[in-house]
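To start, the structure under review is shown below, and the notes come after it.
2 protein chains.
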Amino acid sequence: MYLPSWLSQLYRGLSRPIRRTTQPIWGSLSRSLVLSSQRRNPEFSSFVVRTNTCGELRSSHLGQEVTLCGWIQYRRQNTFLVLRDFHGLVQVIIPQDESAASVRKILCEAPMESVVQVSGTVISRPAGQENPKMPTGEIEIKVKTAELLNACKKLPFEIKDFMKKTEALRLQYRYLDLRSFQMQYNLRLRSQMVMKMRDYLCNLHGFVDIETPTLFKRTPGGAKEFLVPSREPGKFYSLPQSPQQFKQLLMVGGLDRYFQVARCYRDEGSRPDRQPEFTQIIDISDVFRNTEIGFLQDALSKPHGTVKAICIPEGAKYLKRKDIESIRKFSADHFDQEILPVFLNTNRNWNSPVANFIRESKRPELIRLMETQEEDVVLLMAGEHNKACSLLGKLRLECADLLETRGVVLRDPTLFSFLWVVDFPLFLPKEENPRELESAHHPFTAPHPSDIHLLYTEPEKVRSQHYDLVLNGNEIGGGSIRIHNAELQRYILATLLKEDVKLLSHILQALDYGAPPHGGIALGLDRLICLVTGSPSIRDVIAFPKSFRGHDLMSNTPDSIPPEELKPYHIQVSWPTDSKAAKAH
Amino acid sequence: MYLPSWLSQLYRGLSRPIRRTTQPIWGSLSRSLVLSSQRRNPEFSSFVVRTNTCGELRSSHLGQEVTLCGWIQYRRQNTFLVLRDFHGLVQVIIPQDESAASVRKILCEAPMESVVQVSGTVISRPAGQENPKMPTGEIEIKVKTAELLNACKKLPFEIKDFMKKTEALRLQYRYLDLRSFQMQYNLRLRSQMVMKMRDYLCNLHGFVDIETPTLFKRTPGGAKEFLVPSREPGKFYSLPQSPQQFKQLLMVGGLDRYFQVARCYRDEGSRPDRQPEFTQIIDISDVFRNTEIGFLQDALSKPHGTVKAICIPEGAKYLKRKDIESIRKFSADHFDQEILPVFLNTNRNWNSPVANFIRESKRPELIRLMETQEEDVVLLMAGEHNKACSLLGKLRLECADLLETRGVVLRDPTLFSFLWVVDFPLFLPKEENPRELESAHHPFTAPHPSDIHLLYTEPEKVRSQHYDLVLNGNEIGGGSIRIHNAELQRYILATLLKEDVKLLSHILQALDYGAPPHGGIALGLDRLICLVTGSPSIRDVIAFPKSFRGHDLMSNTPDSIPPEELKPYHIQVSWPTDSKAAKAH
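Protein chains in written order, with our numbering: chain E, 12 to 596; chain F, 12 to 596.
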């Protein structure tokens, strides 16, 4: 599994992104982005009037006659203006002599962000007026002719201030927002990263890029899938959440190394965003099996009860009493849970209200299990397994935040730390009926080879061959080895999960015809690019994102459709009887 | 416009595809496809058991212990079998000694197309038994251990015979069809071609690859767009036919060189497939303005009447009387049109029933206009302009077919001939009401600069800046320079086309904020790959195509949805009152 090392390599090849620039640094654009014009001259055909891009002119171009096109970024005292395209900025001198009155009029009267074309000569800036922060800072353009290609109306906001505006305004005027440095940077970096991925998979490793359909059959339990009515009465397509069935069918079809940058549809209008979550913990229940501490005993006597702990290395050195208090308060407020801190001081004495209750004989075992060292702090907690895990995961991040405010460098934001999460359970008890099982991921995931016998006796104990990839604490991908045996797949679907096998008969049939053992992984591209660019939201790495309610604020989508246009699809709207809802539409 | 030359170049870099192989040549697969294993060793991680692919073993591997995985392609007299993966074929010797009884049992009993894993030694084939047609034909594998990874049920058809089967059967068992040589070839070539395109655009010319949404707003007149109900009562998304609005918005947003391999949705259930069509003709009406030939005179006296001709070079030499008769019959049967053939013999005498009616004085003019030479045949026809053009286009192809059966090499199938079609009209009269205009392509296409003044006086005469790209007679792409001026766009939409401007207010607004002049082109990838691979149908270059009625025959899609699953989308099915239709579903 070479992805993490590859990604780090890729990343070193790209320039370091700037984290959250509220003051966009236009000048740095052409330095920080690897654009074609810096690497070689773009081909200009006879249909293109510009001879150069705004960002590429240097002292070596002195004396050349050039034609440039761009947006007016800035104008000062009707003497010069700064022209911008997305290769950079260039300074243009507005002619002051009478004979150039018409050129002056165009350049002085065009509103900011208008598109103009200028022709002129590349000249040196006067001594002392060079701008070393600007790649084109040694030269300027002495204009001879100018043309206004398109005038710009008064803008709803200034391009450079876009980050200060509300997100709703940015989404409504997305085409202006896209002109900002940060959006240009994000989208261009995304394009380059995806290209590197393709290059790696396709050119270096013989993967085959295959497009799979997005109009497909509903998957069982696919309540989050968009429906698409067809022209046959009562018949619908579905927009699949992922090409998961097609991936497997391609394997059966012998396309042995397949990849796709796939569009996934998930109608999550009714669901909160799933938060990726994982925890590293250590189970110390056995140490406390015969404890005298009330709340630990309570917890252990219950089903799924456990005692867990995390160790904060050198916590005793950096964390103050009030920090520990805030941690206890945090867990009490958020999880209604008690936390027991244990301080290990230099002479290994235990400094904790709980210390007296932990028998001397148990202490070495605890120290061994926790791998604690001097000056560490141990946080003990007890409770129902899942809740305890979830809380300790949060406490761990909370403690890291605290330690970092005390000057301890724990997480280097320039590092990319990858982690595989494995050994997930194959099934989970259904929330609404814990006696029935549901797939922890999806019903096609293969069981762990050593656990297959448990499928017929204790299926809830079977581990899966699912794996998740985590980058700096964020889940960025996941995948699994799939079931390639039709009988096993039928048993899991029909007997264990009680699914309607008819909906999946094509998959079961395909497995019967010589399906090879296979597996794969999918990366969440939006989230990955988000982490790499340091963007606060995935909407900042997507050209035209929907709002969190699934709306396109620019075009006002979704929108009403006249009833006669629904007729070919044999559907009609069921208006809610609640008059409020009807009015609201 | 460098596309055609680039494509030819790309094409030379790829191997020559095989046209319509009914007998797939398995051995040639590894020769004709440029796969990673031939170029470099694929990385095998510790999770992969095979040490080599089936296609890569040569004499240089003699003596090596290898582990291979593949499908059983062929077995002979329980002595050897041929193992296949999609890098090639390899011969495996089934051990005959008693001690290997279990291995023999596995390899002799596994049904064809089962997946097996074998380990053994690479040995030389006995002298005289080498197979020079097979890249691995000098060696074979002496097997020591074998494992049946997945058994295959009896197949509905043999993989190598897939082309002989009905297309419905092929689509139903698409995952088996995909194992055929031709489908593997088509999909792998497609992947490589798209990769070359991306490489060219992205890496060489700084284009930015941007994904645009597929859930968007209905476009005016978008009767062919699929609808997607949202969870808001009566509100719908639409699946756009193309990212046409987004492309323009990206230009306004300053993403100056954008491309995308985009998914386009067109609900053509109710429309026949549009056939690309173009014709080259020569208008010779003026020559016959005062003709005495009845049907020509008739035609010219009507509005849009015209006399047109095509010249068949050296037709007199190759075409027989009966060929000309079949051409006359073709035009009479298909178009209810008369055709007048004119033979030009060596002494430039005119040999035609019409010859006497063409005045001697007109003949040189005709010869000049038609650029005819000795032994050419001229086909004359008259009629309504559009009909005449359409017929002559078809006659031209018909004549080419005839000449080719006579041994004349007209169309070299190994050549790629590109052609730009330009100067389309911007508007066409509406079929249902010829006094109103509709866009010949779409309302965003810019008028030809020299015709802009006609927009306000004779809009039907305005030429557009639309261009189509034709490859070997097939339209493979088209594009246009777009309108960047909001006023002009508003005038065309509201005044000339009488469209509801509200649906496009976001585009009009975007043009107001400094939209640069812009244009683009879109290639039809399916059709292009179809031409390059010589496939009879675009369904042969798509992994999971729909049938011509829009069905997925493998999974039976579209399918019924229980009414309760329609509730969240506030729609219900309007069942047709016609009981037949209701039963049919």
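The C-beta atom is built at its ideal place from N, Cα and C for all residues, glycine as well.
Keep in mind it's a predicted model, so treat the numbers as computed, not measured.
Only exposed fits E:K578, as fewer than 16 other CB atoms lie within 10 angstroms of its CB.
Shown here, F:Y184 sits in coil according to DSSP, grouped into three states, outside any helix or strand. In this chain, E:A121 is not harboured by any beta strand (DSSP E), its DSSP state being neither H nor E.
Distance from the CA of F:T177 to the CA of F:P547, rounded to the nearest whole angstrom, comes to 14 Å. Taken through DSSP and simplified to helix, strand or coil, E:I572 comes out as coil.
Judged by DSSP in its simplified three-state form, F:V114 adopts helix.
Residue pairing for F:I532: DSSP places it in a beta bridge opposite F:G490.
Boundaries of the beta strand (DSSP E) harbouring E:D96: 91-96, taken from the DSSP string.
The segment 251-269 of chain E makes no contact with the segment 539-558 of chain E; the number of CB pairs closer than 8 Å stays below 3.
Taken in chain order, the members of the segment 194-213 of chain E whose beta-carbon sits within less than 9 Å of a beta-carbon on chain F are M194, Q195, L198, R199, R201, S202, Q203, V205, M206, R209, D210, C213. Listed in chain order, the positions of the segment 236-255 of chain E with a beta carbon within less than 9 Å of a beta carbon of chain F are F237, L238, V239, P240, S241, R242, E243, P244, G245, K246, F247, Y248, S249, L250. For the pair F:R199 and E:V219, the Cα-to-Cα distance works out to about 6 Å. For F:A343, the nearest beta carbon of chain E is not closer than 8 Å to its own beta carbon. Nearest C-alpha to E:V205 among F:Q271, F:A157, F:E449: F:Q271. In this chain, the alpha helix (DSSP H) harbouring E:F257 covers 255-263. Taking 8 Å as the upper bound for CB-CB distance, E:G265 and F:L189 are in contact here, some 6 Å apart.
Under DSSP, F:L430 takes part in a beta bridge, and its partners are F:V481. The three-state reading of DSSP puts E:C410 in helix, counting H, G and I together. Between the alpha carbons of F:E447 and F:K509 lies a gap of roughly 9 Å. Scanning its chain for C-beta atoms nearer than 6 Å, with the 5 sequence neighbours on each side dropped, one finds around F:R474 the residues D434, H459, D462, in chain order. F:K228 counts as buried, since at least 16 other C-beta atoms from the protein chains shown sit within 10 angstroms of its C-beta. Straight-line measurement puts the Cα of E:C400 at about 23 Å from the Cα of E:R374. Among the residues of chain E, none has a CB under 8 Å from the CB of F:M145; the nearest is roughly 18 Å distant. For the 8 Å CB-CB criterion, E:L68 and E:V59 do not form a contact. A straight-line Cα-Cα distance of about 13 Å links F:S113 and F:N89.
Contact annotation for E:L160 against chain F: P527, P528 [CB-CB distance below 7 Å, chain order]. Within the segment 128-216 of chain E, the beta strand (DSSP E) runs of at least 3 residues that lie entirely inside it are, in chain order, 150-161. Rounded to the nearest angstrom, the gap between the Cα atoms of E:S566 and F:P224 is 12 Å. Note on geometry: alpha-carbon atoms of F:R185 and F:H477 lie some 38 Å from one another.
Residue environment for F:G74: exposed (fewer than 16 other C-beta atoms within 10 angstroms of its C-beta). Among the residues of chain F, those whose CB is under 9 Å from the CB of E:W586 are P244, G245, H581, following chain order.
Here E:H495 is not near F:N397, since their CB atoms are 8 Å or more apart.
Chain F places no beta carbon closer than 8 Å to that of E:I503, leaving this residue out of the contacts. About 5 Å separates the CB atoms of E:C410 and E:I323; that is less than 8 Å, so the two are in contact. For E:Y248, the uninterrupted beta strand (DSSP E) run begins and ends at 246-250, by DSSP.
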